[in-house]
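Colleague: First to last, the protein sequences are chains V and L. Heads up: the first sequence at position 107 corresponds to 107 in my numbering, and the numbers run straight through without jumps. Just add 205 to wherever you are in the second sequence, counting from 1, and you've got my numbering.
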Amino acid sequence: MSQTTVSRRNFIKGVIAGSVAVSSAAYLFRGSPLLSGQAARTGGVERLLTLTVNGQARRVDVAPQETLANTLRYKLGLTGTKLGCDRAECGACTVLVDDVPRYACSVLTHAVRTKTIVTIEGLAAADGTLHPVQQGVVDEQGFQCAFCMSGFIMAAVGYLKKHPDPTREELARGVSGNLCRCQDYDKILTALHRGAALSRGVARG
Amino acid sequence: MAIVHDVIPPFQLYQPASVDEALDLLDARGQDAWALAGGMDSFDWLKDRTKRTSVVVELGQIAELQGIRESGGGFEIGAMTTLTAVAEHAGIRERFSVLAEAAELVASPQIRNQGTLGGNVSQDARCWYYRRGWHCYRAGGNICYADTPTAVNREHAILGADRCVAVSPSDTAPALIALDAQMVIRRKGAERIVQAADYFRGPDIDITRMTVLEPGELLTAIRIPATWAGARFYFEKVRDRQVWDFPLVNVASAIKADGGRIADARIAVGAVAARPLRLQAVEQAIAGRPLGDETAAMAAELAIQGAVPLRHNAYKVPLMRNLVRRAVRGGPMGATT
Ligand SMILES: Cc1cc2nc3c(=O)[nH]c(=O)nc-3n(C[C@H](O)[C@H](O)[C@H](O)COP(=O)(O)OP(=O)(O)OC[C@H]3O[C@@H](n4cnc5c(N)ncnc54)[C@H](O)[C@@H]3O)c2cc1C
Ligand code: SF4
Ligand code: FES
Ligand code: FES
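1. For Gly235/L, count neighbouring C-beta atoms within 10 Å of its own C-beta (all shown protein chains included) and say buried if the count is 16 or more, exposed if not.
2. Going by the C-beta, is Ala227/L closer than 7 Å to any heavy atom of ligand 6?
3. Drop a sphere of 10 angstroms on the beta-carbon of His294/L, count the other beta-carbons inside from all chains shown, and report buried for 16 or more, exposed for fewer.
4. Relative to the C-alpha of Arg397/L, which residue among Asp403/L, Met388/L, Ser313/L is closest?
5. Grab me the residues of Gly407/L's own chain with a C-beta within less than 6 Å of its C-beta, minus the 5 sequence neighbours each way, in chain order.
6. What are the residues that DSSP puts in a beta bridge with Gly279/L?
7. According to a CB-to-CB cut-off of less than 9 Å, which residues of the stretch 352–382 of chain L neighbour chain V?
8. Are there any heavy atoms of ligand 4 lying less than 7 Å away from the beta-carbon of Cys180/V, as far as the coordinates show?
9. Nearest to Ala476/L by CA position, among Val454/L, Gly244/L, Gly346/L, Thr432/L, is which residue?
10. Specify the secondary structure class of Pro221/L as computed by DSSP and reduced to three states.
11. Where do the N-terminal and C-terminal ends of the alpha helix (DSSP H) with Val291/L fall, by residue?
12. Find out if the Cβ-Cβ distance for the pair Val224/L, Leu507/L is shorter than 8 Å.
13. Just list the residues that DSSP pairs Arg471/L with in beta bridges.
14. Looking at the structure shown, is Gln319/L part of a helix, part of a strand, or coil, going by DSSP?
15. For chain V, is any of its Cβ atoms less than 8 Å away from the one on Met525/L?
16. Which runs of the beta strand (DSSP E) at least 3 residues long sit entirely within the stretch 74–162 of chain V? Give them in chain order.
17. If you follow the beta strand (DSSP E) that Tyr162/L is part of, which residue opens it and which one closes it?
18. I want to see whether chain L comes within less than 8 Å of Leu189/V, judged by CB atoms only; does it?
19. Please name the residue or residues paired with Arg392/L in a DSSP beta bridge.
20. Kindly list the residues whose CB is nearer than 8 Å to the CB of Arg466/L, restricted to its own chain and excluding five residues on each side of it in sequence; keep chain order.
21. I think Leu96/V touches Val157/V, with their Cβ atoms under 8 Å apart; what is that distance to the nearest whole Å?
22. Closer than 8 Å is the cut-off here; do at least three beta carbon pairs connect the stretch 313–328 of chain L with the stretch 235–247 of chain L?
23. Can you tell me which of Tyr335/L, Ala351/L, Gln271/L, Gly511/L puts its alpha carbon nearest to the alpha carbon of Gln319/L?
24. Mapping DSSP to helix, strand and coil, what is Asp411/L?
25. If you draw a straight line from the alpha carbon of Gln266/L to that of His110/V, how long is it in whole angstroms?
26. Helix, strand or coil for Arg466/L? Go by DSSP, reduced to three states.
27. When the cut-off is 8 Å and only beta carbons count, does Val533/L lie next to chain A?
28. Under 8 Å between C-beta atoms, does Pro103/V make it to chain L?
29. Between the stretch 355–372 of chain L and the stretch 515–528 of chain L, can you find at least three pairs of beta-carbon atoms closer than 8 Å?
30. Count the other CB atoms, across all protein chains shown, that sit within 10 Å of the CB of Leu48/V; report buried if there are 16 or more and exposed otherwise.
31. Closer than 8 Å, Cβ to Cβ, to anything on chain L: give me those residues from the stretch 52–72 of chain V, in chain order.
32. Compare the C-beta of Ala448/L with all C-beta atoms of chain V and state if any pair is closer than 8 Å.
33. Would a check of beta-carbon distances place Leu108/V closer than 8 Å to chain L?
34. In the DSSP assignment, what are the bridge partners of Val53/V?
35. Hey, would you say Gln135/V sits closer than 8 Å to Leu179/V, going by beta carbons?
36. Mind listing the chain L neighbours of Gly177/V? Cutoff is C-beta to C-beta under 9 Å, in chain order.
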């Protein structure tokens, strides 16, 4: 892609981050005025939140009924978190909330306003060094279309925090809340298992 | 199931910091208010627009509803304790493993990380006609779509049906019944305690609700008495897939033996009726009998007395019989994820 071409992804991200965010949200939510900066309804929670996402404090206007996946994707431009089913049935939206894997499509943003949220965008180090689980995926070329990938990686990273040295079978159970439409489970497990080894500091090669 | 990447219809959201505050809100808003725990049951209704609410009272900020406390040789489990926390708790695993086992077999890791024990026992029926928004008995109408000649009812009830043939979907419910757990229910200015077996309601009593919870009430805690600590436990769940799937039938038992004979027993079966069934007739019949295959077989035959299968769920009768037999006979626990 040439330098001047604007990819669809970057265009959408730019729109979300920029001043026309309101109209973009209104488009995504089918013209619903609910997410487009209306004054808070009487009673109930304060809409303006400061969320801790990927180590940053992000100030954002969140509707009471908004899910975390929608806030991340459409308000904060963090489109690495995918929406597959929107019904807690696929795992594509998995993020870490206080280090615990959760389905972002099935949690209200307001419910996690005091927590620490980490998405796939927050895994790599500041200098760009990949997280060991990401590196494992690169090394083993673990995914096909990779739509399920960020969810799988987040689920694995969360699981490894509690179980740093799992067998392949244990790791399979650890990421059993994630589906892959391409049915690439064998390679995914190999990649994540390598990621587990790299996380423990086992040398590459 | 409709897949709509859209926002939930608007509601007012309250995040009380204490149980008293939550009870005040529920009292003031009455039928309009929806108590939200982990939301793993609630969000489907709201996203699909099959149920609506104008007020949501989110319970996640209330510290006193969280956690597991020692209490007289047993435990008091806050209603908002996650299924993961229940499954991983060392004391529960040691003394009441049947509950840890049941919690660990619910749904998927992420759902257990968020779904609560209180929500698991208070969840609504999973009958797809009902969840699809069909105006059936349970939804206030006058027909059961799951009990017609063309209905798809493989997952439905074989016992205790009364117009509605939906089943109790909870995995932890039979375990709590087997442990003689007590459900602590509060409303503004009052508290009542209900035995786990009596917490659940069949359609003969109330066809639109699965539990005894009335509007304005909260389940605040689940108490596990010391009674069955260290008993011989059994839990088994049979499902189509090894993860994410509701039980086709599940069984929980607690048995105290004395010199090779059954001194006392609790057996409960889920997903065969609208409420998890405590099999009291079986418990009485096996009391005093020797542990072993013969008693187990007798218990199993007795358990399925009166079962009436629908068109597609006759398999549940032998399945329930075999699970009860294993629950009485004992041995290594069944399916694990
Ligand atoms: C894909 C999927 C698979 C699943 N598989 C299984 C399974 O295999 N086994 C199983 O048992 N369950 C299963 N479930 C259901 C889910 O695990 C349970 O519904 C979950 O434990 C509910 O807990 P929650 O805290 O998320 O409930 P919520 O959705 O928050 O609440 C459920 C209901 O209970 C009420 N409620 C909750 N807490 C209280 C309280 N303290 N006081 C009063 N009322 C309350 C709510 O108002 C609501 O009506 C599955 C769910 C999904 C989405
Ligand atoms: S089984 Fe119950 S919930 Fe399902 S359609 Fe019949 S009445 Fe409705
Ligand atoms: S999008 Fe959240 S689990 Fe599928
Ligand atoms: S690689 Fe395509 S969905 Fe998993």
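From the three backbone atoms N, C-alpha and C, an ideal C-beta is built for every residue, glycine too. Quantities reported herein were computed from a predicted structural model and do not represent experimental measurements.
Modeller: Taking the coordinates as given:
1. exposed
2. In terms of ligand content, the structure shown lacks ligand 6 and carries ligand 1, ligand 2, ligand 3 and ligand 4 instead.
3. buried
4. Met388/L
5. Gly365, Ala479, Arg480
6. Ser276/L
7. none
8. yes
9. A check of alpha carbon separations from Ala476/L across Val454/L, Gly244/L, Gly346/L, Thr432/L identifies Val454/L as the nearest.
10. coil
11. 288–293
12. no
13. Per DSSP, the beta bridge partners of Arg471/L are Ala459/L.
14. helix
15. Answer no: the Cβ-Cβ gap between Met525/L and chain V never drops below 8 Å.
16. 94–97, 100–103, 116–118
17. Because chain L in this structure spans residues 206 to 542, residue 162/L falls outside the shown range and cannot be described.
18. no
19. DSSP output for Arg392/L lists Ala395/L as bridge partner(s).
20. Gly493, Arg494, Pro495, Leu496
21. With a Cβ gap of about 7 Å, Leu96/V and Val157/V count as contacting.
22. yes
23. Gln271/L
24. coil
25. 10 Å
26. strand
27. Protein chains in the displayed structure are V and L, and chain A is not among them.
28. Reading the sequence as shown, one finds Tyr at residue 103/V and not Pro. Closer than 8 Å to some Cβ of chain L, the Cβ of Tyr103/V qualifies, so yes.
29. yes
30. exposed
31. Here the close residues are Ala63, Pro64, Gln65, Glu66, Thr67, Asn70.
32. First, the residue type needs correcting, since residue 448/L is Val and not Ala in the sequence shown. Yes, because at least one Cβ of chain V sits closer than 8 Å to the Cβ of Val448/L.
33. Chain L contact via Cβ: present.
34. Gln56/V, Ile117/V
35. no
36. Ala312, Ser313, Pro314, Gln315, Ile316, Arg317, Asn318, Val448, Trp449
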